[in-house]
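Q:
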Amino acid sequence: MRLRILDSGHGFGTKALFAVIRTVSRQPVLDVIKLVKYRPDFYGDPMAAVTQNAMRGPSAWTVGDRELMAAFVAKANQCEFCTKAHSAVAQGAYRDGKKVSAVLSDLETASIEEPLRATLLMLGKLTREHAVNADDMRAVLAAGASRRQIEDALAVCFSFNVIGRLADAFGFFVPAPEAFEAGAKYLLARGYR
Amino acid sequence: MSDIRQARKTLASRIQEGDGKASPFERSAAFNNSGLAEPAATLVDKVAKHTFRVSDEDFAAARGSGLSEDQVFEIVVCAAVGQASRQYDAALAALEAATGKE
Chain Z
5 MRLRILDSGH GFGTKALFAV IRTVSRQPVL DVIKLVKYRP DFYGDPMAAV TQNAMRGPSA
65 WTVGDRELMA AFVAKANQCE FCTKAHSAVA QGAYRDGKKV SAVLSDLETA SIEEPLRATL
125 LMLGKLTREH AVNADDMRAV LAAGASRRQI EDALAVCFSF NVIGRLADAF GFFVPAPEAF
185 EAGAKYLLAR GYR
Chain L
53 MSDIRQARKT LASRIQEGDG KASPFERSAA FNNSGLAEPA ATLVDKVAKH TFRVSDEDFA
113 AARGSGLSED QVFEIVVCAA VGQASRQYDA ALAALEAATG KE
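Order-wise, the sequence lines are chains Z and L.
So the first sequence is numbered by the numbering used here: it starts at 5 and just counts up by one.
So the second sequence is numbered by the numbering used here: it starts at 53 and just counts up by one.
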């Protein structure tokens, strides 16, 4: 990582927690964990409240749908760490790896429901171009997504437009797939708190 | 329905106005991507607009200007949350334009 404090500036208790994580998971501690555990009162804790709500709060979208949105937003931001991390979580939630890879490789032809496809299309534009207009929203509504579903998708998009930026800016190390799979199991079991 | 409004407000307020190593002015300027001096201004603009282009040199320049690692950490977090907030607010405004105020 580009800041030494994020790698090794944590307190004794947090370093002990990292040792437990390494022992139990037999994987390195993901850089995203190091980030949220560094001075957590500044960023990690208040951001966790946002992300837990967006990703695990009540919604007409499933957990798999929202993790897929996270991976899709990450890909639009060209963030390798978050794309791999949340592809793994979406695959675990859906129990269908092919669905996730199909969406990420070609949204137009992937076999998914139209409200989800239209929502992802809008999130991709918002992430790449930093703006959408009323016509973009009408297209999502016409595809069958409700206003509340769009608001929920925008909450996911907010979270991953923050996290993806921090991953790339701080230079998160991209580990082997096994580390992301271990992280995915944790996020599916425990959420983002 | 998930509702991140209060949690997002708390986050934005904490990182800009709460205790920190960078001044509240610097953190708000990073959040708004406006009003920072170089080289922090370039780092913040890259984080906001094309993060994948952020380089080791951008961090070295920020550190070389006298900012501590903690100050850079805070400024980068503020830049990321600020840009994501602008996009989120713009999208909600577009949704409201399409559906009318709820």
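All C-beta atoms in this analysis are idealised placements derived from N, C-alpha and C, irrespective of residue type, glycine included.
1) From Z:G68 to Z:Y47, what does the alpha carbon distance come to, in whole angstroms?
2) For L:F83, which three-state DSSP category applies?
3) In whole angstroms, what is the alpha-carbon distance linking Z:V33 and Z:E118?
4) Answer with buried or exposed for Z:K19, where buried requires no fewer than 16 other C-beta atoms within 10 angstroms of its C-beta.
5) Counting only the same chain and skipping the five closest in sequence on each side, list residues whose C-beta sits under 6 Å from that of Z:F177.
6) For the stretch 108 to 126 of chain Z, enumerate the residues whose C-beta is nearer than 9 Å to any C-beta of chain L, in chain order.
7) Just mark Z:K38 as buried or exposed, buried being the case when its beta carbon has 16 or more other beta carbons within 10 Å.
8) Going by DSSP in three states, L:K73 sits in which element: helix, strand or coil?
9) Can you list, in chain order, the residues of its chain whose CB lies under 7 Å from that of L:L88, leaving out five sequence neighbours each side?
10) How would you list, in chain order, the residues of chain Z whose beta-carbon sits under 8 Å from the beta-carbon of L:R60?
11) Beta-carbon of Z:A173 versus every beta-carbon of chain L: anything under 8 Å?
12) Measure from the alpha carbon of L:S65 to the alpha carbon of each residue in L:A149, L:V129, L:G152, then state which is nearest.
13) Which residues in the same chain as Z:V136 place their Cβ atom closer than 7 Å to its Cβ, once the five residues preceding and following it in sequence are excluded?
14) Does the beta carbon of L:D97 sit closer than 8 Å to a beta carbon anywhere in chain Z?
15) Hey, does Z:A74 have any beta-carbon neighbour from chain L nearer than 8 Å?
16) Relative to chain L, which residues along the stretch 32 to 53 of chain Z have a C-beta separation below 7 Å, given in chain order?
17) From what residue to what residue does the alpha helix (DSSP H) around Z:K79 run?
18) Specify whether the stretch 137 to 150 of chain Z and the stretch 120 to 140 of chain L touch according to this definition: at least 3 beta carbon pairs, one from each stretch, less than 8 Å apart.
19) If we define contact as Cβ-Cβ less than 8 Å, is L:F83 a contact residue for chain Z?
20) Return the chain-ordered list of same chain residues with a C-beta closer than 8 Å to the C-beta of Z:I154, the five sequence neighbours on each side being excluded.
21) Cβ of L:L147 less than 8 Å from any chain Z Cβ?
22) With a threshold of 8 Å between beta-carbons, can Z:A58 be considered close to chain L, or not?
23) Residues of chain L with CB under 8 Å from Z:V136, in chain order?
24) If you pair each beta-carbon of the stretch 70 to 78 of chain Z with each one of the stretch 87 to 107 of chain Z, do three or more pairs fall below 8 Å?
25) Do Z:T66 and Z:K79 have their C-beta atoms within less than 8 Å of each other?
26) For the stretch 131 to 158 of chain Z, which segments carrying the alpha helix (DSSP H) assignment without a break, of at least 4 residues, lie completely within its bounds, in sequence order?
27) Tell me the DSSP secondary structure of L:C130 in three-state form.
28) Whole angstroms are fine: how far does the CA of L:D55 sit from the CA of L:A74?
29) Near L:D110, what residues of its chain come up, given a Cβ to Cβ distance below 8 Å and the 5 sequence neighbours on each side ignored?
30) Go through its chain and collect everything with a Cβ distance to Z:A106's Cβ below 7 Å, but skip five positions before and after it.
A: From the atom records:
1) Sequence index remark: in the first sequence, residue 68 of chain Z carries index 64 (1-based). Sequence index remark: in the first sequence, residue 47 of chain Z carries index 43 (1-based). In a straight line, the C-alpha of Z:G68 is about 26 Å away from that of Z:Y47.
2) As a position in the second sequence, residue 83 of chain L is number 31, starting the count at 1. If DSSP states are grouped into helix, strand and coil, L:F83 belongs with the helices.
3) For the purposes of this step, residue 33 of chain Z is taken as the residue at position 29 of the first sequence. For the purposes of this step, residue 118 of chain Z is taken as the residue at position 114 of the first sequence. So the alpha carbons of these two residues sit roughly 37 Å apart.
4) Position 15 of the first sequence holds residue 19 of chain Z. The residue in question, Z:K19, is exposed, as its Cβ has fewer than 16 Cβ neighbours within 10 Å.
5) Counted from its first residue, the first sequence places residue 177 of chain Z at position 173. D35, listed in sequence order.
6) M126
7) For the purposes of this step, residue 38 of chain Z is identified with residue 34 of the first sequence, where counting begins at 1. Z:K38 is buried by the Cβ-count criterion.
8) Position 21 of the second sequence, counted from the first residue, corresponds to residue 73 of chain L. DSSP places L:K73 in coil when its eight states are reduced to three.
9) Here residue 88 of chain L corresponds to residue number 36 of the second sequence, with the count starting at 1. Cβ within range, chain order: E78, A81, A82, V96.
10) Position 8 of the second sequence, counted from the start, is the residue given in the question as residue 60 of chain L. Per Cβ cutoff of 8 Å: V54, F162.
11) Within the first sequence, numbered from 1, the residue matching residue 173 of chain Z stands at position 169. Closer than 8 Å to some Cβ of chain L, the Cβ of Z:A173 qualifies, so yes.
12) On the second sequence, position 13 is the one that residue 65 of chain L refers to. It is L:V129.
13) Locating residue 136 of chain Z in the first sequence gives position 132, counting from the first residue. Cβ within range, chain order: M126, K129, L130.
14) Translated into positions along the second sequence, residue 97 of chain L becomes position 45. Chain Z contact via Cβ: absent.
15) As a working mapping, residue 74 of chain Z is identified with position 70 in the first sequence. It does not: the Cβ of Z:A74 has no partner Cβ on chain L nearer than 8 Å.
16) F46, Y47, P50, M51, A53
17) Walking along the first sequence from the start, residue 79 of chain Z turns up at place 75. Start and end: 67 to 80.
18) no
19) In the second sequence, counting from the first residue as 1, residue 83 of chain L sits at position 31. Not closer than 8 Å to any Cβ of chain Z, the Cβ of L:F83 fails to qualify, so no.
20) Position 150 of the first sequence, counted from the start, is the residue given in the question as residue 154 of chain Z. Once the five neighbours on either side are set aside, the close Cβ partners of Z:I154 are T123, M126, M141, V144, L145.
21) Within the second sequence, residue 147 of chain L is the residue found at index 95, counting from 1. Answer yes: the Cβ-Cβ gap between L:L147 and chain Z drops below 8 Å somewhere.
22) Counted from its first residue, the first sequence places residue 58 of chain Z at position 54. So, interface residue.
23) In the first sequence, the residue the question calls residue 136 of chain Z occupies position 132. In chain order: A142, A143, A146.
24) yes
25) Stepping through the first sequence from its first residue, residue 66 of chain Z is reached at position 62. Stepping through the first sequence from its first residue, residue 79 of chain Z is reached at position 75. In this structure, Z:K79 does not lie closer than 8 Å to Z:T66 by Cβ.
26) 138 to 146
27) Residue 130 of chain L sits at position 78 when you count from the first residue of the second sequence. L:C130 falls in the helix class under three-state DSSP.
28) Residue 74 of chain L sits at position 22 when you count from the first residue of the second sequence. Residue 55 of chain L sits at position 3 when you count from the first residue of the second sequence. Using only the alpha carbons, I get a separation of about 30 Å.
29) To locate residue 110 of chain L, count along the second sequence from 1; it is residue 58. Cβ within range, chain order: P91, T94, L95, K98.
30) By 1-based counting over the first sequence, the position of residue 106 of chain Z is 102. The answer, listed in chain order, is A114, S115.
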